[in-house]
Structures are given as structure tokens and as C-alpha cells.
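Position in the sequence shown counted from 1, then plus 888, gives you my numbering.
All residues carry an ideal CB built from backbone N, CA and C; glycine is no exception.
Computed from a predicted model, the values in this text were never measured in an experiment.
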Amino acid sequence: MLRFNTFIVGLIFGLTTMLALPVMVYSEKAPPKESILTGLEQRYANKEFSAHFEQISKLTALDITETATGKAVFSHPGKMRWTYNTPDRHEIITNGKVLWIFRPDQHQVMTGDAQAFFKSGAGGAFLSDIKRIRKEFDITIEKTKKTFAVLRLIPKQQRPELSSVQLIVGLPDHNIQTVITQNPYGDTTQFVFTHIRFDAPNPETFEFIIPEDTEVIEIN
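In C-alpha cells:
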């Protein structure tokens, strides 16, 4: 139960540890911030994509680190499906309005208002609406090289569940390789994305029909 709760809290509320990334280093040949942001928007805005992921959640106060793997699918606006394969099977699904967290082995689904949970951009919500980055965060470049850039995002409005986000962006393709979120308590969640594909999923990917004999828990 503790392992599952760690993953869910990490995804929904953006619990993460800050990785020790190098201090600001600028390359003369590296693209400026505006160029990187424009490249991200051209790559991700209004598009569907999928990726395999590894999630590392660290809870500082409890000195706990948990790792999970699976596949995620994203679609604009605000649609996501996270399928966890290890260590425990579960799915986190939203059509942008309703959130479902399905635990098949426990015959249980938790459901609530998706906008209430993802409105802050936590849980990778901005991946399904990349333009939220400019609107909701102050952005600085922490490091740039020819093959990648590290962006630091600070919420423009103070949020109790999210203090910062780091993005590692591949260059020149502008694929988001890593997302690292941190909360005010120093807890962190790191997502490493591989096998990124830009293709249109079945619209039913972001819907969920609750199976019979499944316990339903409202989490609003």
C-alpha cells in the first residue's frame, strides 16, 4: 500500500527531489530560451504522443525511494493515460474532465474531478497542454549544450503542492527527455521518457468504463 500511495502522490501532486544538476553554463552556440520554448511548442502543441517512462519518487521525510515503469499517452487538451506495469499494476486515466485511478488487482477505482487535481500543472499535466508552461511558470535556463538544455520552471502563483519543475529537453528535436518536480517539502518525482512517438491514439484511450464488482471511491 505504501508503494502504491507513493506513486499516486508523486504523479498527482508533483512530489519530487531535486537532482544535482550543474550550475548555469551557457554555450555560445546553444539556442536562447525563446528558441527552446518555441521549439517545444512546435513539437508538442495540440499533438498526441506516447512514451515509455521510468518514475522515481523520493519522499524526503520518510527517506523512501520508489521506482515504477510503464507507458503514458497524452492528447490535447488535458487528456492522459498512465499505465503502470511495475512494481504494481494500476492506471491513471483522464479525459480532461474526470480522473480515474484503477487498481485491477484490488478491484478498486478512485474517481474525481480531473481539473481539481491537475490544475496546477502537477502530475505532468502540462505535457498534454505544453502552452501552459509560458502561462503558469517563470522560466530560466540552467544549462545548455548542443544536445540538450535544462529548464527550471517556478510557478508564477505560489502552490502548496508544487515548488519547481525541471525539464531536460533534447536538442535539436526538442523531445522532453526528463521531468523533475519538487514540492515545498523537498519531495521529488522524476520521469524519464523513452521511445517517444507522435501518433494519434484511439480516442477511447482516455475514457474508462468501470468494471462490474469494482469498489468505487470518490476522491473529490
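Taking residue i as part of the alpha helix (DSSP H), name the residues at either end of that continuous run.
i, result
"Ile924", "Lys921 to Tyr932"
"Gln1003", "Ala1002 to Phe1006"
Skipping 5 residues on each side, what residues in its chain have a beta carbon closer than 6 Å to that of residue i?
i, result
"His1062", "Gly927, Leu928 and Arg931"
"Leu987", "Gly1000, Ala1002 and Phe1005"
Between residue i and residue j, how many whole angstroms is the CB-CB distance? I'm expecting something under 8 Å.
i, j, result
"Phe1094", "Lys967", "4 Å"
"Pro1072", "Pro1091", "With a Cβ gap of about 37 Å, Pro1072 and Pro1091 do not count as contacting."
Where does residue i fall in DSSP's three states?
i, result
"Ile981", "strand"
"Phe1094", "helix"
"Ala1186", "What the structure shows of the chain is the stretch from 889 to 1108, and residue 1186 is not part of that stretch, so it cannot be assessed."
"Gln994", "helix"
"Ile1021", "helix"
"Gln943", "strand"
"Ser963", "strand"
Taking the straight line between their C-alpha atoms, what separation do you get for residue i and residue j?
i, j, result
"Glu1100", "Ile989", "15 Å"
"Gly984", "Ala960", "15 Å"
"Lys1031", "Ala1088", "32 Å"
"Ile1098", "Thr1035", "44 Å"
"Gly1058", "Lys1044", "25 Å"
"Thr971", "Ala1037", "28 Å"
"Ile1027", "Leu1041", "5 Å"
Short of 7 Å in beta carbon distance, which residues of its chain neighbour residue i, apart from the five on each side in sequence? Order them along the chain.
i, result
"Arg977", "Pro992 and Asp993"
"Thr1082", "Ala939 and His940"
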